[in-house]
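In our numbering, the protein residues as written are 46 to 368. Even glycine gets a Cβ: it sits at the ideal position worked out from N, Cα and C. Bear in mind the structure is a predicted one, so any value in this text is a computation, not a measurement. To keep things clear, I will list the structure first and then write my remarks on it.
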């Protein structure tokens with residue numbers, strides 16, 4: 046009889062399921078593991094907190110203030126007047142603002158496409174040569190990256206001067222008719238500045254693409270040669286697909302450099318002649334510090350940020366999808 050009661054009591058006892066840890070030796074261990082993980086997550090947040098505070102103070106707060114200022118007419122000292130979207134309307138209606146935005150997109154050809162194209166050629170040549178001289182050339186191409194942009198702008202201003210090295214070389218080889226006051230020419234000033242951007246960025250693109258090419262399996266090139274592929278076919282069938290991620294990085298960096306350009310243009314032309322080289326970065330500086338129009342400068346800065354995000358974010362999404 047007592048044995049029957051024990052069997053019945055066992056049958057009526059609640060079954061221990063996956064979610065029940067009462068009475069099981071493992072239940073306390075599970076709770077202990079959860080507690081340890083929860084504690085570790087808090088420790089992680091404590092380590093990240095200083096960086097988050099600095100980021101909020103140096104990035105998020107100025108960004109929020111710029112957006113706020115863009116709705117006001119303010120000279121930076123006196124009382125601010127609410128103007129709503131008038132500053133944004135000026136950005137898209139004032140011809141000088143539109144010209145500055147257009148110039149930044151024109152610089153993409155020099156900063157992005159030309160830099161990446163030359164970088165691809167240079168990286169391919171240095172990879173195929175694989176000699177000491179090829180590495181020296183690669184290092185020489187990268188040197189402009191360590192030169193301060195202000196110093197680069199001053200040096201190129203001397204080169205472009207009427208009696209500078211470029212005109213002297215043209216005269217020496219019998220091409221005196223080609224000499225120009227390069228930075229004072231309304232049509233040639235922007236391309237002249239764009240060439241400086243190419244000179245600065247081509248070394249970075251070469252290094253990134255060379256790194257990508259070094260990761261490509263040599264067996265792929267051997268297989269392409271067995272199939273009868275020539276150097277050009279190897280480049281398009283093996284090299285380009287192999288450096289897709291590095292190309293995306295180059296394109297992202299150079300696009301941002303083109304749209305947010307400031308140092309070189311401010312040093313070389315100040316946006317002249319006649320606004321021919323004006324870009325949003327220089328325009329924002331002049332609006333804020335020369336004309337004391339903080340609201341208009343903030344609106345231009347917000348528009349510039351939106352343009353950069355509108356170009357870079359879809360690019361990153363496409364690269365991630367293809368990867």
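Through-space distance from residue 323 to residue 233, alpha-carbon basis
Stepping through the chain shown from its first residue, residue 233 is reached at position 188. Stepping through the chain shown from its first residue, residue 323 is reached at position 278. Taking the straight line joining both Cα atoms gives about 13 Å.
Look up residue 127 in the DSSP assignment and say whether it is helix, strand or coil.
What you label residue 127 is simply residue 82 of the chain shown in a count that begins at 1. Residue 127: strand per DSSP, three-state reduction.
DSSP state of residue 451 mapped onto helix, strand, coil:
The requested residue 451 does not occur in the structure, where the chain is confined to residues 46 to 368.
What separation, rounded to the nearest whole angstrom, lies between the Cα atoms of residue 216 and residue 226?
For the purposes of this step, residue 216 is identified with residue 171 of the chain shown, where counting begins at 1. For the purposes of this step, residue 226 is identified with residue 181 of the chain shown, where counting begins at 1. Rounded to the nearest angstrom, the two C-alpha atoms are 13 Å apart.
According to the neighbour-count rule (16 or more other Cβ atoms, all chains shown, within 10 Å of its Cβ), is residue 96 buried or exposed?
For this step, residue 96 is matched to residue 51 along the chain shown. Here residue 96 is exposed, its C-beta having fewer than 16 other C-beta atoms within 10 Å.
Among residues of its own chain, excluding the 5 on either side of residue 70, which ones have a beta-carbon nearer than 8 Å to its beta-carbon?
Numbered from its first residue, the chain shown carries residue 70 at position 25. Low per-residue confidence applies at residue 70: pLDDT is 49, beneath 50, and the placement is therefore not dependable enough to give any value.
Sequence-distant residues of its chain with Cβ nearer than 7 Å to residue 151 (five each side left out)
Working through the chain shown from its first residue, we reach residue 151 at position 106. For residue 151, where only same-chain residues beyond five positions count, the Cβ hits under 7 Å are 235.
Tell me which residues share the same chain as residue 242 and place their Cβ nearer than 6 Å to its Cβ, disregarding the 5 neighbours each side in the sequence.
For this step, residue 242 is matched to residue 197 along the chain shown. 155 and 156.
For residue 300, tell me which candidate among 127, 355 and 140 has the shortest Cα-Cα distance.
Stepping through the chain shown from its first residue, residue 300 is reached at position 255. Ranking 127, 355 and 140 by CA distance to the CA of residue 300 puts 355 first.
Just the C-alpha distance for residue 139 and residue 221, rounded to the nearest angstrom, thanks.
On the chain shown, position 94 is the one that residue 139 refers to. On the chain shown, position 176 is the one that residue 221 refers to. Approximately 40 Å, taken between the alpha carbons.
Exposed or buried, residue 275, counting other C-beta atoms within 10 Å across all chains shown (16 or more means buried)?
Position 230 of the chain shown, counted from the start, is the residue given in the question as residue 275. The residue is exposed, with fewer than 16 neighbouring Cβ atoms inside 10 Å.
In DSSP terms, what residue 308 is bridged to:
Start at 1 with the first residue of the chain shown, and residue 308 comes out as number 263. According to DSSP, residue 308 bridges with nothing at all.
Decide if residue 214 is buried, meaning its Cβ has at least 16 other Cβ atoms within 10 Å, or exposed.
One-based indexing of the chain shown puts residue 214 at position 169. Classification for residue 214: exposed.
Identify every run of the alpha helix (DSSP H) within the stretch 243 to 297, keeping only runs that are complete inside it and at least 4 residues long; order them along the chain.
Listed in chain order, they are 263 to 271 and 276 to 279.
Should residue 203 and residue 209 be called a contact, given that it needs their Cβ atoms to be closer than 9 Å?
In the chain shown, the residue the question calls residue 203 occupies position 158. In the chain shown, the residue the question calls residue 209 occupies position 164. Yes, these two residues count as a Cβ contact at 9 Å.
Please determine, among 132, 92, 87 and 228, the residue with the shortest C-alpha to C-alpha distance to residue 315.
Here the question's residue 315 lines up with position 270 in the chain shown. Distance from the Cα of residue 315 is smallest, within the candidate group 132, 92, 87 and 228, for 228.
Other residues of its chain near residue 142: CB distance less than 6 Å, five sequence neighbours each side excluded
For the purposes of this step, residue 142 is identified with residue 97 of the chain shown, where counting begins at 1. Hits under 6 Å: 136.
Please report the residue range of the alpha helix (DSSP H) in which residue 178 lies.
Taking the chain shown and counting its residues from 1, one reaches residue 178 at position 133. For residue 178, the enclosing alpha helix (DSSP H) covers residues 177 to 187.
Determine whether the beta carbon atoms of residue 188 and residue 248 lie at a separation below 9 Å.
Looking up residue 188 in the chain shown gives position 143. Looking up residue 248 in the chain shown gives position 203. Contact flag set, yes.
Between residue 224 and the ligand ATP, is there a pair consisting of the residue's CB and a ligand heavy atom that are separated by less than 8 Å?
Looking at this structure, you won't find the ligand ATP or any other ligand, since it has none at all.
To the nearest angstrom, report how far apart residue 257 and residue 280 are at their CA atoms.
Mapped onto the chain shown, residue 257 falls at position 212. Mapped onto the chain shown, residue 280 falls at position 235. Going by the C-alpha atoms only, they are around 13 Å apart.
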